[in-house]
Amino acid sequence: MEQPARFALGHWPTRLEPMERLRASLSGPRLFIKRDDCTGLAGGGNKTRKLEYLVAQAIAEGADTLITHGAVQSNHVRQTAAAAALAGMACEALLEQRLQTDSDEYAGSGNVLLDEVLGAKLHRVPGGTAMNDALERLAEQLRAQGRRPYVIPGGGSNALGALGYVDCVRELVEQCEQQGLRRPHIVVASGSAGTHAGIAAGLHALKLDWPLTGISVRLPSAEQAPKVHALAQGVLDLLGTGQRLPAQAIVVDDRFVGPGYGMPTDSMREAIRLLARQEGLLLDPVYTGKTMAGLLGRVRENC
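Sequential numbering of the sequence shown, starting at 763, is according to the numbering used here.
The structure is reproduced here in structure tokens:
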């Protein structure tokens, strides 16, 4: 198929950096980190890659508003609001109260404050809301007002958005060759599934037998793995490769979720402190902290 259009939002390629002090502290294998926190869009993050494709499609369809959803402190909503501003569009977002807290600080600081600074109109909904249905109702309301919304799923995680992580695999191939990495084992957060699925599809499309493990930050592996597999197959179909992805290509480790999405764990706290003190890197408690806890656990288990 013809390569879908992209709307430039990020700084590419992001660096692949060695973590030598962390390696020494663990007496383990060579460790590297792909710096997609440095993508450049309103604080950076992995959603930038997805939004380049999604915003381009929105522009092609003549949209004037991006709408999406996420948890109250969603990184995805922040980056979507920034992308909308850069593209000259409005942005409206549904924020789900996934954590049981009445804290005003949680409800109004951090990403929520940044969403508003970036111009997003926020709609708060209770935890357990059928978010895709609620998003479609919002789209219908906007259409009734004469507006032209473009619906972006949570996390930007559909086949089009996940193409951004096929691009990431292409970057990694070149960077690994430059740094002498022959068969790296990739460890990635597995949440809304777009990043995990895009990498899985990219590896399969390029016929790379690199191991890939997703560290679940929300769902048990029995639910998360089929979700990732279906999306990765959708990416391969969108690419027109004609390839079928075997189910065993999707590996999900759910041991680091703890009591639930966004809920702190001891291993997450240790990972955040260790990376800060060994590498000067700041992780978040919801995604990268738990994913790094998973990587540390697997290194210690010699996985």
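Just so it is clear, CB atoms sit at the ideal spot from N, CA and C, and this is done for glycine as well.
How would you call residue i, buried or exposed, if buried means at least 16 neighbouring beta carbons within 10 angstroms?
i, result
"residue 879", "exposed"
"residue 1042", "exposed"
"residue 771", "buried"
"residue 870", "exposed"
"residue 985", "exposed"
"residue 895", "exposed"
"residue 1044", "exposed"
"residue 804", "buried"
"residue 911", "buried"
"residue 883", "exposed"
"residue 813", "buried"
"residue 1064", "exposed"
"residue 792", "exposed"
"residue 1004", "exposed"
"residue 905", "exposed"
"residue 1006", "exposed"
So what does DSSP say about residue i, is it helix, strand or coil?
i, result
"residue 943", "coil"
"residue 859", "strand"
"residue 970", "coil"
"residue 795", "strand"
"residue 1088", "A query on residue 1088 cannot be resolved here, the shown segment of the chain reaching from 763 to 1065 and no further."
"residue 771", "coil"
"residue 957", "helix"
"residue 975", "strand"
"residue 852", "strand"
"residue 803", "coil"
Residue i lies in the beta strand (DSSP E); which residues open and close that run?
i, result
"residue 1052", "Looking at the DSSP string, residue 1052 is not in any beta strand (DSSP E); the run it does join, the alpha helix (DSSP H), is 1050-1062."
"residue 829", "827-833"
"residue 892", "It is not in any beta strand (DSSP E) - residue 892 carries neither H nor E in the DSSP assignment."
"residue 951", "948-952"
"residue 915", "Taken as a continuous stretch (DSSP letters only), residue 915 belongs to no beta strand (DSSP E), as it is neither H nor E."
Alpha helix (DSSP H) containing residue i: first to last residue?
i, result
"residue 726", "Because residue 726 is not part of the residues shown, which for the chain are 763 to 1065, the question remains open."
"residue 787", "782-788"
"residue 842", "837-849"
"residue 872", "872-879"
Short of 8 Å in beta carbon distance, which residues of its chain neighbour residue i, apart from the five on each side in sequence? Order them along the chain.
i, result
"residue 990", "952, 955, 958, 959, 962, 976, 1012 and 1014"
"residue 945", "971, 972 and 973"
"residue 893", "831, 856, 858, 887 and 916"
"residue 1058", "788, 1029, 1032, 1033 and 1036"
"residue 822", "767"
For residue i, collect the residues of the same chain with a Cβ closer than 6 Å to its Cβ; drop the 5 residues on either side in sequence, then sort them by chain order.
i, result
"residue 925", "815"
"residue 775", "933"
"residue 968", "none"
"residue 1000", "921"
For residue i, which residues of its own chain have a beta-carbon under 7 Å away from its beta-carbon, when the five flanking residues on both sides are left out?
i, result
"residue 886", "857 and 859"
"residue 987", "1012 and 1014"
"residue 909", "826 and 827"
Establish whether the CB of residue i and some CB of chain D are separated by less than 7 Å.
i, result
"residue 850", "Among the chains in the structure shown there is no chain D, since it carries only a single protein chain."
Run through the segment 977-1045 for me and flag every whole alpha helix (DSSP H) of 4 or more residues, listed as ranges in chain order. Listed in chain order, the complete alpha helix (DSSP H) runs (minimum 4 residues) inside the segment 977-1045 are 983-1001 and 1028-1041.
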